[in-house]
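Residue numbers (our numbering), protein chains in the order written: chain A, 2 to 789; chain B, 2 to 789. Every residue, glycine too, gets a C-beta built ideally from N, C-alpha and C.
2 protein chains.
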Amino acid sequence: MASLAAQGENTKSISAYGEARSTVQGRALDAEEVRKMNNYFRASLYLCLGMLYLRDNPLLREPLARAHLKQRLLGHWGSDAGQSFTWIHMNRLIKKYDLDVLFISGPGHGAPGILSQSYLEGAYSEVYPDKSEDTEGMQKFFKQFSFPGGIGSHATPETPGSIHEGGELGYSISHAFGTVFDHPNLITLTIVGDGEAETGPLATSWHSTKFLNPVTDGAVLPVLHLNGYKINNPTILARVSHEELTSLFNGYGWKPYFVEGSDLQSMHQAMAVTLEECVKEIRAVQQQARSSNKPFRPRWPMIVLRTPKGWTAPREIDGKLLEGFWRAHQIPITDVLTNPDHLKILESWMKGYKPEELFDANGTLIPELKELAPTGDARMSANPVGNGGVLRKPLNLNDFQKYALRDIVPGKTVKGGMANMAKFLREVVSENMTNFRLFGPDETESNKLAEVYKAGKKVWMADYFEEDNNGGNLSPQGRVMEILSEHTCEGWLEGYILSGRHGLINSYEPFVHVIDSMVNQHCKWIEKCLEVEWRAKVSSLNILITATFAFISPPDGNTLLSVMDHCLRSVNYVNVVVADKQEHIQFLSMEDAIEHATKGLGIWDWASNDQNEEPDIVMASCGDVSTHEALAATALLREYLPTLKVRFVNVVDLFRLISEIHHPHGMPDPHWKAIFTDNKPILFNFHSYPWLIHRLTYKRPGQHNLHVRGYKEKGNIDTPFELALRNGTDRYSLAIDAIDLIESLGNTGSSVREKFIKFQLQGKKAAYNDGVDPEYIRNWNWPYPKNA
Amino acid sequence: MASLAAQGENTKSISAYGEARSTVQGRALDAEEVRKMNNYFRASLYLCLGMLYLRDNPLLREPLARAHLKQRLLGHWGSDAGQSFTWIHMNRLIKKYDLDVLFISGPGHGAPGILSQSYLEGAYSEVYPDKSEDTEGMQKFFKQFSFPGGIGSHATPETPGSIHEGGELGYSISHAFGTVFDHPNLITLTIVGDGEAETGPLATSWHSTKFLNPVTDGAVLPVLHLNGYKINNPTILARVSHEELTSLFNGYGWKPYFVEGSDLQSMHQAMAVTLEECVKEIRAVQQQARSSNKPFRPRWPMIVLRTPKGWTAPREIDGKLLEGFWRAHQIPITDVLTNPDHLKILESWMKGYKPEELFDANGTLIPELKELAPTGDARMSANPVGNGGVLRKPLNLNDFQKYALRDIVPGKTVKGGMANMAKFLREVVSENMTNFRLFGPDETESNKLAEVYKAGKKVWMADYFEEDNNGGNLSPQGRVMEILSEHTCEGWLEGYILSGRHGLINSYEPFVHVIDSMVNQHCKWIEKCLEVEWRAKVSSLNILITATFAFISPPDGNTLLSVMDHCLRSVNYVNVVVADKQEHIQFLSMEDAIEHATKGLGIWDWASNDQNEEPDIVMASCGDVSTHEALAATALLREYLPTLKVRFVNVVDLFRLISEIHHPHGMPDPHWKAIFTDNKPILFNFHSYPWLIHRLTYKRPGQHNLHVRGYKEKGNIDTPFELALRNGTDRYSLAIDAIDLIESLGNTGSSVREKFIKFQLQGKKAAYNDGVDPEYIRNWNWPYPKNA
């Protein structure tokens with residue numbers, strides 16, 4: 002590509018091959034240390050290949066045969082060497098400086114690199130005793146990897162020390178920052194793959210330094226691993242000049258130290274001296290900030306590690322490039338089951354690491370290598386932060402009832418539930434100043450939660466202007482974390498929770514879908530954790546969304562308080578709470594709200610008149626505005642058809658609608674029937690897609706009687722009133738629908754009267770232009786007169 | 002914040018206030034030009050405020066009264082001035098250099114800034130004649146903005162010249178690059194908000210320069226608008242030093258030119274000379290690359306424009322900061338309806354722009370200002386690229402049937418449908434070398450589509466290494482676009498389609514959810530475009546996913562070909578095609594496949610034996626592997642219960658299951674009944690969530706007879722066989738279920754025989770460990786003997 006030479010880039014200069022080249026010069030190791038560390042590295046690499054290929058003959062004491070291989074080869078070799086290499090070098094510094102270090106593997110599919118470390122350190126055998134530190138244990142350790150009934154090929158929850166699976170790429174740096182906030186002694190060493198570095202979420206997460214306070218937070222030490230290739234392509238960052246790379250990271254606020262090459266001896270020296278320099282710089286920054294108690298934003302150190310992809314593999318096989326090319330990404334030699342020559346190549350490659358020099362006759366790592374790793378909790382594979390639930394302390398929560406909205410006349414009182422709840426949240430912040438944070442993409446103020454700033458302002462470590470004193474609410478010591486990237490907010494929160502703390506993210510419904518898939522990954526993580534015995538439960542991920550509907554939709558202010566209290570106490574869930582931020586009619590006293598929120602759904606007696614009898618119709622709702630509409634329709638039915646028996650059901654937690662077999666919040670069919678009946682029409686008002694309710698209930702008895710009114714379409718600019726008319730959820734439409742349903746089942750004696758009423762209502766609807774359902778509800782004579 | 006001064010940053014130096022400071026020095030305008038441009042700018046700003054506030058009295062010829070105001074104030078002021086300012090300065094250069102320029106507004110909620118331009122240029126009145134260039138038209142133009150029945154507050158599809166709404170932030174740069182690929186003369190001027198710049202998708206999209214060939218592509222000219230504040234927070238990039246900002250953009254591969262300040266006279270000079278420098282640099286790069294035909298990657302020019310948020314608004318109102326603070330983000334003075342003093346402030350602010358000097362007695366822009374803008378298609382508000390459908394030419398598609406898989410024995414032949422379809426795709430590329438591209442996050446090779454590289458390699462404008470000659474498939478002239486950021490791929494593709502071309506994105510199912518919300522935004526855009534009369538339809542967004550299920554799931558290779566051909570010809574859809582990439586049993590000849598794909602679903606006669614009779618059961622499937630399983634179960638029923646009448650239905654397009662009322666692909670109930678019956682059991686095998694099928698069919702007659710078998714859970718490592726067993730979709734489970742269903746309806750005479758068979762099958766199932774459904778299917782004696 003001669004034409005590209007015009008840009009003046011000497012591409013040779015950034016080859017991954019040859020003697021080490023590094024920003025920091027000098028030597029930190031003597032020859033004996035290099036020898037031992039390299040042997041430890043060989044042991045790691047041997048284990049990596051063992052995991053990828055072997056189900057038997059773990060130490061190759063017999064000639065390698067097809068029968069020793071797994072029949073289905075799955076897993077990744079490409080980044081294993083670079084990750085192991087980095088881990089081993091950090092081990093030296095943990096021992097030397099007594100550091101507290103967590104390891105996050107961005108390229109989590111390079112799991113063999115991590116798993117090999119936890120096995121060599123003994124942490125693996127401690128939690129999985131059958132994977133013992135001997136030949137037999139090693140065989141099991143190898144076989145289970147990417148094997149049916151075994152473990153996956155990422156840094157999954159089964160991996161000791163891991164809080165980051167690395168499946169959906171892009172979140173390593175934001176997770177890492179989440180772990181170090183309010184953990185002043187922690188350094189989170191984070192490998193960022195150069196593939197991952199191309200994702201959007203990762204690209205913006207480098208800016209997290211503008212939110213890290215060196216006095217009270219720990220530090221993230223990123224190692225950008227320029228492995229050079231993705232699955233089938235080169236990576237961008239491995240194909241730009243040193244100058245551009247340096248500029249990019251300076252611009253992000255980091256100080257990159259390069260370590261590049263393939264020669265083992267010199268690479269060990271370069272990495273040792275560079276990593277040590279980074280650790281010293283981090284400690285110097287922290288020392289300066291803490292001794293003066295003056296937080297500042299330094300240019301934090303990071304490492305750019307350029308090594309060949311699949312480092313230490315054969316460079317070529319049959320004239321095709323392997324090491325240093327994309328073919329090294331997954332299983333490096335794929336046809337060993339069918340190609341005896343390639344099986345030979347694999348065998349001699351593995352034997353080249355000389356396992357007989359590294360493991361004793363028993364198959365145990367020899368003592369002079371064993372002692373290179375730290376012990377106990379100092380091991381990165383056993384750091385308690387990597388199993389954050391063990392560090393988790395429940396929040397210090399005062400009684401939320403002191404913030405109760407009082408003197409509620411159901412259906413009459415109007416108050417703002419969200420702004421009131423913010424007072425409770427303010428106290429949650431002030432009572433938990435080192436283990437609770439509020440996150441969001443700049444919606445906290447507009448969501449009416451600004452009250453929390455009285456307890457903790459917004460964290461800001463970038464520059465300050467004079468204007469900030471006039472309504473800025475910024476502080477290096479803040480407790481609210483706001484960056485416009487939802488991905489970064491969510492990543493920080495996940496990291497914060499997974500490392501044993503508590504938090505809440507708040508956003509606006511239309512924007513929260515940006516992180517749908519990210520939240521799904523977190524759900525899968527915590528679900529899988531339940532199957533891993535040694536994992537302690539972490540705090541729930543609480544998502545507070547302003548909108549008028551979702552899975553947990555408190556109908557009023559006291560229910561919102563009770564729900565929030567519950568969410569903040571819960572573990573191992575993802576709670577999505579949705580509430581509108583405006584003032585609304587209130588329905589429940591604190592006592593009733595607690596009962597209602599605890600049940601998750603229930604009959605509202607005060608709005609029903611079917612006591613001790615079968616209703617003619619069940620009116621149901623979920624969400625605040627839809628509850629208003631359904632109540633208004635109920636009042637209308639009451640006004641025009643006073644003898645009709647109406648049951649009013651409100652749903653807070655939609656998961657209650659599912660069978661208890663399919664969701665822990667679910668309820669059995671008899672319970673469902675007692676509330677909804679199995680033979681009466683149910684008119685369910687709901688401000689999202691009707692199919693969602695059908696999806697949750699399609700197996701319920703009488704579900705064919707269930708009729709959902711909800712979102713059909715939305716115009717450019719809709720008032721709630723316009724939206725109700727458009728979607729047929731205004732009170733007249735709902736009441737007419739209710740009459741239709743009752744008639745269709747023939748549940749009332751004479752239908753002549755109903756037909757007449759329906760006709761009357763249709764006329765009213767045509768002239769209906771006040772749109773003031775709230776006023777109509779408030780003016781109705783609640784509670785509903787019983788058996789009128 | 003004295004403590005922050007320690008980092009050596011003189012924050013004063015990056016204030017947005019004062020005389021202009023700029024990287025490029027000099028003057029490009031004489032005093033008369035400055036005067037006119039500033040008047041044009043005043044006219045723009047006046048219109049912006051008019052849109053936000055007024056429903057009457059558009060030129061303030063009467064004293065401003067409450068009755069002239071909209072009753073509900075919605076819209077954004079914050080970025081309007083900076084966007085208008087940039088637009089006006091580009092107008093000068095369009096005229097001077099005869100440029101072809103499209104404008105993309107990243108902060109699309111600053112729509113007044115854009116709308117004011119299209120109104121001043123006359124483009125608005127051309128497409129909406131009632132919004133004429135006079136007082137009456139201006140009144141309508143103002144009133145409709147953010148008003149019920151009017152237009153939204155973003156750069157929505159109704160906005161002439163817009164292809165980018167800017168609601169969900171982060172995609173302006175990737176959209177912009179999409180528009181300039183293969184449009185060598187186009188410059189897309191792109192405003193990037195400093196809020197948007199914090200998002201992940203935007204942060205990585207700066208790297209798009211590594212994929213732009215200056216010989217055959219146009220150029221993107223970004224203007225990073227350091228407006229300073231988001232909704233309630235400062236922005237990161239406005240609070241770091243010049244040094245960091247310069248480094249960051251140098252690192253991304255750009256050359257930033259700063260233009261900063263608030264003084265109008267000097268800012269006009271600075272912007273004029275800077276924008277002109279950028280345009281000249283772009284032309285110089287293009288000239289060099291094109292005259293030598295040697296593509297290279299320069300450091301492309303960009304502008305960093307720092308102006309106060311809400312520029313030209315009052316600095317303070319009642320002691321609270323407005324201009325240059327976050328309060329200027331939306332409606333700048335919110336209480337004008339209730340606060341007469343503030344109404345006065347608004348009036349004098351608006352009158353300060355002196356509309357009487359800018360618009361004549363008729364309310365029309367005066368000629369000396371009108372002539373500042375370009376005319377006809379040269380106007381950014383009328384650039385045909387902004388209504389890409391008018392430029393769209395159908396693809397040159399040869400007959401896909403020449404790639405038919407031939408000699409298909411249904412249920413016997415095994416071939417790879419995806420690898421075969423790649424040959425068709427190769428020809429699509431080679432026959433459409435300037436208006437079709439294939440996009441993806443590095444899955445093209447593993448998706449078995451590498452055949453396309455023969456027609457067009459992967460675009461690569463970063464550095465090349467020697468290894469690339471050995472399997473790299475990279476070229477500056479490539480046609481395949483691969484970056485690991487799904488957001489960037491999708492953004493490029495959207496921009497490419499919306500500017501009148503064709504494309505296809507391919508990915509792997511688990512990763513595609515990262516862009517779920519982004520695709521939803523595109524759906525909303527094209528849906529809304531249907532309501533805008535002057536918008537021409539654009540090509541469909543085609544998404545090809547490897548997995549074993551989705552909405553369009555061709556069951557075999559010939560159906561896949563036919564479906565792809567259809568998608569590539571279609572307009573205004575989002576087509577999601579899902580297929581497995583492995584070799585599979587084939588079922589349909591090309592002729593049958595075309596018919597089947599056209600119908601979207603159908604009875605497979607050759608696998609059914611209910612001809613001219615009612616079936617005892619309907620076996621249905623969607624997707625390749627699930628079709629195998631359902632056919633294997635059908636064969637099993639045939640083997641054990643030869644007199645049973647089985648109808649086999651295969652679904653290609655799931656939207657066929659919906660009523661035609663709710664989806665254009667839907668079908669009416671009688672048609673549904675003719676295929677599925679309304680009284681026979683239907684056993685639907687499906688490799689995704691069962692509720693999805695129920696959601697699509699819950700209103701169908703006989704839907705309570707529909708029983709879906711599908712995804713329940715997945716372990717770490719599953720073969721298709723293990724997955725089938727786990728989820729009960731193996732042939733024995735399905736056949737046993739079928740018998741149960743038939744019995745439950747009492748549709749067969751004697752159930753003793755069925756009970757016995759069921760017992761037999763359960764025994765077989767317990768011993769079932771071959772897992773080779775494909776072999777079982779192939780060994781069955783198809784076609785199904787009729788009425789045996």
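Going straight from the alpha carbon of A285 (chain A) to that of E372 (chain A), what length do you get? Taking the first residue of the first sequence as position 1, residue 285 (chain A) is located at position 284. Taking the first residue of the first sequence as position 1, residue 372 (chain A) is located at position 371. Near 28 Å, if we compare the C-alpha coordinates of E372 (chain A) and A285 (chain A).
How many Å lie between L344 (chain B) and T191 (chain B) at the Cα? Looking up residue 344 (chain B) in the second sequence gives position 343. Looking up residue 191 (chain B) in the second sequence gives position 190. One alpha carbon belongs to L344 (chain B), the other to T191 (chain B), and they sit about 35 Å apart.
Per-residue burial, P356 (chain B) [other beta carbons within 10 Å of its own, 16 or more giving buried]: Residue numbering aside, residue 356 (chain B) sits at position 355 when the second sequence is read from its first letter. Its Cβ being crowded by 16 or more others within 10 Å, P356 (chain B) is buried.
Can you give me, in chain order, the residues of the stretch 684-697 of chain B that have a beta carbon less than 7 Å from any beta carbon in chain A? So the list reads W692, H695, R696, given in the order they occur along the chain.
For chain A, is any of its Cβ atoms less than 8 Å away from the one on L485 (chain B)? In the second sequence, the residue the question calls residue 485 (chain B) occupies position 484. For L485 (chain B), the answer is yes, since a Cβ of chain A falls inside 8 Å of its Cβ.
Quick check on DSSP: helix, strand or coil for G76 (chain B)? What you label residue 76 (chain B) is simply residue 75 of the second sequence in a count that begins at 1. Of the three classes helix, strand and coil, the one that applies to G76 (chain B) here is coil, per DSSP.
Chain B partners of I237 (chain A), CB-CB under 8 Å? Taking the first residue of the first sequence as 1, we reach residue 237 (chain A) at position 236. Within chain B, the residues near I237 (chain A) are H208, K211, A463, I484.
Could you give the uninterrupted runs of the alpha helix (DSSP H) lying entirely in the stretch 112-179 of chain A, keeping only those of 4 residues or more? Complete alpha helix (DSSP H) runs here, min 4: 112-121, 124-128, 136-145.
Exposed or buried, which one is S745 (chain A) when buried takes at least 16 other CB atoms within 10 Å? In the first sequence, the residue the question calls residue 745 (chain A) occupies position 744. By the 10 Å Cβ count, S745 (chain A) comes out exposed.
Hey, how far is the Cα of D135 (chain B) from the Cα of T365 (chain B)? Here residue 135 (chain B) corresponds to residue number 134 of the second sequence, with the count starting at 1. Here residue 365 (chain B) corresponds to residue number 364 of the second sequence, with the count starting at 1. So the alpha carbons of these two residues sit roughly 5 Å apart.
In terms of residues, what are the limits of the alpha helix (DSSP H) holding L225 (chain B)? By 1-based counting over the second sequence, the position of residue 225 (chain B) is 224. It is not in any alpha helix (DSSP H) - L225 (chain B) instead sits in the beta strand (DSSP E) that spans 220-227.
Identify whether D443 (chain B) lies in helix, strand or coil by the three-state DSSP scheme. Walking along the second sequence from the start, residue 443 (chain B) turns up at place 442. In the structure shown, D443 (chain B) sits in coil (DSSP, three-state: anything other than H, G, I, E or B).
Have a look at B:I676, B:L637, B:S660, B:L642 and flag the residue whose alpha-carbon is nearest the alpha-carbon of K766 (chain B). The residue labelled residue 766 (chain B) in the question sits at position 765 within the second sequence. Nearest option by C-alpha distance: B:L637.
Write down the C-beta distance between L100 (chain A) and I232 (chain A) rounded to the nearest angstrom, noting that I regard them as a contact closer than 8 Å. The sequence position of residue 100 (chain A) within the first sequence is 99, counting from 1. The sequence position of residue 232 (chain A) within the first sequence is 231, counting from 1. Not quite, the Cβ-Cβ distance comes to about 35 Å (not below 8 Å), so this is no contact.
Is T87 (chain B) near V224 (chain B), with beta carbons less than 8 Å apart? Taking the second sequence and counting its residues from 1, one reaches residue 87 (chain B) at position 86. Taking the second sequence and counting its residues from 1, one reaches residue 224 (chain B) at position 223. Less than 8 Å separates the beta-carbon of T87 (chain B) from that of V224 (chain B).
For V35 (chain B), which residues of its own chain have a beta-carbon under 8 Å away from its beta-carbon, when the five flanking residues on both sides are left out? Translated into positions along the second sequence, residue 35 (chain B) becomes position 34. Cβ neighbours of V35 (chain B) beyond the five flanking positions: Q266, H269, Q270.
For my contact list, V1 (chain A) and H597 (chain A) are in at a C-beta cut-off of 8 Å; report their separation, rounded to the angstrom. There is simply no residue 1 (chain A) to check, as chain A begins at 2 and stops at 789 in what is shown.
Mapping DSSP to helix, strand and coil, what is K416 (chain A)? Counting from one through the first sequence, the residue named residue 416 (chain A) turns up at place 415. Note: K416 (chain A) maps to strand in three-state DSSP.
According to the Cβ coordinates, are L347 (chain B) and I332 (chain B) closer than 8 Å? Here residue 347 (chain B) corresponds to residue number 346 of the second sequence, with the count starting at 1. Here residue 332 (chain B) corresponds to residue number 331 of the second sequence, with the count starting at 1. At least 8 Å separates the beta-carbon of L347 (chain B) from that of I332 (chain B).
Quick check: what's the CA-CA separation for V539 (chain B) versus L475 (chain B)? In the second sequence, counting from the first residue as 1, residue 539 (chain B) sits at position 538. In the second sequence, counting from the first residue as 1, residue 475 (chain B) sits at position 474. The alpha-carbon atoms of V539 (chain B) and L475 (chain B) are separated by roughly 29 Å.
Of all the alpha helix (DSSP H) runs that stay within the bounds of the stretch 581-636 of chain B, which reach a length of 4 or more residues? Listed in chain order, the complete alpha helix (DSSP H) runs (minimum 4 residues) inside the stretch 581-636 of chain B are 591-600.
Could you say which of B:H208, B:V578, B:A239 lies nearest to G196 (chain B) if we only look at CA atoms? Taking the first residue of the second sequence as position 1, residue 196 (chain B) is located at position 195. Answer by Cα proximity: B:A239.
Is it true that the CB of M52 (chain A) sits closer than 8 Å to the CB of F182 (chain A)? As a working note, residue 182 (chain A) is residue 181 in the first sequence. As a working note, residue 52 (chain A) is residue 51 in the first sequence. No, they are not a contact pair.
For R710 (chain A), the three-state DSSP class (helix, strand or coil): Taking the first residue of the first sequence as position 1, residue 710 (chain A) is located at position 709. Residue state for R710 (chain A) is assigned as strand, using DSSP reduced to three classes.
Below 6 Å CB to CB, which residues in the same chain sit around E358 (chain B) once its five sequence neighbours on both sides are set aside? As a first step, residue 358 (chain B) must be located in the second sequence, where it is residue number 357. Excluding sequence neighbours, E358 (chain B) sits near nothing in its chain.
How would you write the range of the alpha helix (DSSP H) that V216 (chain B) sits in, first residue to last? By one-based count along the second sequence, residue 216 (chain B) stands at place 215. Note, V216 (chain B): premise wrong, no alpha helix (DSSP H); not H, not E.
Using only the alpha-carbon positions, how far apart do T489 (chain A) and G441 (chain A) sit? Here residue 489 (chain A) corresponds to residue number 488 of the first sequence, with the count starting at 1. Here residue 441 (chain A) corresponds to residue number 440 of the first sequence, with the count starting at 1. For T489 (chain A) and G441 (chain A), the distance between alpha carbons rounds to 9 Å.
Roughly how many angstroms separate the alpha carbons of N251 (chain B) and V241 (chain B), rounded to a whole number? For the purposes of this step, residue 251 (chain B) is taken as the residue at position 250 of the second sequence. For the purposes of this step, residue 241 (chain B) is taken as the residue at position 240 of the second sequence. Taking the straight line joining both Cα atoms gives about 15 Å.
With 8 Å set as the bound, which would you pick, yes or no: does the beta-carbon of I506 (chain A) sit closer than that to a beta-carbon of chain B? The residue given as residue 506 (chain A) occupies position 505 in the first sequence. It does not: the Cβ of I506 (chain A) has no partner Cβ on chain B nearer than 8 Å.
Chain-ordered residues of the stretch 435-461 of chain B with a beta carbon less than 8 Å from chain A: Listed by position, the residues of the stretch 435-461 of chain B near chain A (Cβ gap below 8 Å) are D443, E444, T445, E446, S447, K459, W461.
Pairwise C-alpha distance: L742 (chain A) and G750 (chain A): As a position in the first sequence, residue 750 (chain A) is number 749, starting the count at 1. As a position in the first sequence, residue 742 (chain A) is number 741, starting the count at 1. Its pLDDT being 49, under 50, G750 (chain A) is placed unreliably in this model, and the coordinates cannot settle the point.
Could you tell me if the beta carbon of G162 (chain B) falls within a distance shorter than 7 Å of some heavy atom in the ligand FMN? By its list of ligands, the structure shown contains no ligand whatsoever, and the ligand FMN lies outside what it can speak to.
So, A456 (chain B) versus R480 (chain B), is the Cβ gap smaller than 8 Å? On the second sequence, residue 456 (chain B) is found 455 positions in, with the first residue counted as 1. On the second sequence, residue 480 (chain B) is found 479 positions in, with the first residue counted as 1. In this structure, A456 (chain B) places its C-beta atom within 8 Å of the C-beta atom of R480 (chain B).
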